[in-house]
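A.B. asks:
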Amino acid sequence: MTGILSGKVAVVTGASRGIGKGVALALAEAGATVYVTGRTVTSGSHPLPGTVGETALECDRRGGKGVAVQVDHADDDQVAALFAQVEREQGRLDILVNNAFALPEDLTEPRPFWEKPLSNWEMVDIGVRSNFVAAWHAAKIMTPQKSGLIVAISGYVGVTYTYGVVFGTCKSAVDRMARDMAIELKPYDVASVSLWQGLTFTERAERNIANNPAMKQSIVTNPLVGCSPEFPGRVIVALASDPQVMQRSGATFITAELAQDYGVTDVDGKVIPSLREQRGAPIWQAI
1 MTGILSGKVA VVTGASRGIG KGVALALAEA GATVYVTGRT VTSGSHPLPG
51 TVGETALECD RRGGKGVAVQ VDHADDDQVA ALFAQVEREQ GRLDILVNNA
101 FALPEDLTEP RPFWEKPLSN WEMVDIGVRS NFVAAWHAAK IMTPQKSGLI
151 VAISGYVGVT YTYGVVFGTC KSAVDRMARD MAIELKPYDV ASVSLWQGLT
201 FTERAERNIA NNPAMKQSIV TNPLVGCSPE FPGRVIVALA SDPQVMQRSG
251 ATFITAELAQ DYGVTDVDGK VIPSLREQRG APIWQAI
């Protein structure tokens, strides 16, 4: 896929580390210019490794172009400034990947919602509202050019209990938002989809599994079905380069199944399995 996205411009939110970083690197390897957003700009200032600058530099090394932009996606003014910068510097936007999410440290702790802090509602602010705000700005650039792709990162949690009430609420909302945005974007040839990720070997996931080996026994966090953070990015590359992508707009896809449709494997050649039978099927189909 090297060079297949040459000349394309992408924004990947929450890309200091984790899935966002993996997606940014995959897009850059395909030749895209990638605006990497996140709050972490200084190494060591976050418990987990990674900064927007480090991701942007790796994008350059992969053959694309990385542009690091410090953005707190809870701040609408900072988000507006990001998209103004993209439009000013590039004059277009081809791909938005809404990945930014506020993951509380107690997310995987098996306690009921009333025993967790109300501050966990931040997942709605940075994970649902932030998706809408970014898509709002992206649509203002994409619709006049009559092209574009907006991708939401979601998961099986959209239909099956995973970790907690607020987390499930967020991912269900993201799926529905992607579907309804697709309806309104259709006349402008801008596609909107949601992707269901299973276990992804992010820095956080690897730390959590190392600290709690019992997680390996759960279907949700079984390493045998996990993928690299770049896997969803490789699928997004395939979507963004598909001339028939509008036929998929509005749908929620299991990333592993979409990968098989496109003949995409993980970075090590592994075919990632779908957990449809074990964890549930998406609700929303293409419009």
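Residue 1 is where the sequence shown starts when you use my numbering, and the numbers rise one by one after that.
Virtual Cβ for every residue (Gly too), placed ideally from N, Cα, C.
Within 10 angstroms of its Cβ, does T42 collect 16 or more other Cβ (buried), or is it exposed?
C.D. replies: It is exposed - the Cβ of T42 has fewer than 16 other Cβ atoms within 10 Å.
A.B. asks: Beta-carbon within less than 8 angstroms of D72's beta-carbon, same chain only, minus the 5 sequence neighbours each way: which residues are those?
C.D. replies: Here the set comprises R39 and Q78.
A.B. asks: Would you kindly check if the distance between the Cβ of A152 and the Cβ of N98 is under 7 angstroms?
C.D. replies: Cβ distance < 7 angstroms, so N98 and A152 count as in contact.
A.B. asks: Opposite Y156 in the DSSP bridges: which residues?
C.D. replies: BP columns for Y156 are empty, so no partner.
A.B. asks: Select from P112, R111, A80 and A74 the residue whose C-alpha is nearest the C-alpha of A102.
C.D. replies: Closest option to A102, Cα to Cα, is A74.
A.B. asks: Roughly how many whole angstroms lie between the Cα atoms of I4 and V34?
C.D. replies: Straight-line Cα distance between these residues: approximately 14 angstroms.
A.B. asks: Short of 6 angstroms in beta carbon distance, which residues of its chain neighbour A182, apart from the five on each side in sequence? Order them along the chain.
C.D. replies: Hits under 6 angstroms: S192, S249, G250 and I287.
A.B. asks: Which one of A210, S274, V267 and S194 has the shortest CA to CA distance from T283?
C.D. replies: Here the sequence assigns Ile to residue 283, which means Thr is not the residue at that position. Closest by alpha carbon: S194.
A.B. asks: Please go through the same chain and pick out, in chain order, the residues whose beta-carbon is closer than 7 angstroms to the beta-carbon of W121, but skip the five residues on each side of it.
C.D. replies: Answer for W121: V166, listed in chain order.
A.B. asks: Take the Cβ of S228 as the centre, count every other Cβ of all protein chains shown within 10 Å, and call the residue buried at 16 or more, exposed below.
C.D. replies: It counts as buried.
A.B. asks: Taking G269 as the reference, which of R279, Q278, A256 and R276 has the closest Cα?
C.D. replies: It is A256.
A.B. asks: Here's a check: name, in chain order, each residue in its chain whose Cβ is nearer than 6 angstroms to the Cβ of L258, leaving out the five neighbours to either side.
C.D. replies: For L258, where only same-chain residues beyond five positions count, the Cβ hits under 6 angstroms are V235.
A.B. asks: I'd like the span of the beta strand (DSSP E) that includes Y35, first residue to last.
C.D. replies: Looking at the DSSP string, the run of the beta strand (DSSP E) that includes Y35 is T33 to G38.
A.B. asks: Between A32 and G53, is the Cβ-Cβ spacing less than 7 angstroms?
C.D. replies: Against a cut-off of 7 angstroms, the Cβ pair of G53 and A32 comes out as no contact.
A.B. asks: Use the C-beta contact count for S130: other C-beta atoms within 10 angstroms, 16 or more gives buried, fewer gives exposed.
C.D. replies: Looking at its Cβ environment, which holds 16 or more other Cβ atoms inside 10 Å, S130 is buried.
A.B. asks: Less than 7 angstroms between the beta carbons of P273 and V237, yes or no?
C.D. replies: No.
A.B. asks: Excluding sequence positions up to five away, which residues of its chain have a Cβ less than 6 angstroms from the Cβ of Y262?
C.D. replies: Cβ neighbours of Y262 beyond the five flanking positions: A238.
A.B. asks: For R92, which residues in the same chain have their Cβ closer than 8 angstroms to its Cβ, ignoring the five residues on either side in sequence?
C.D. replies: Excluding residues within five positions, the ones whose Cβ falls inside 8 angstroms are V9, I141 and Q145.
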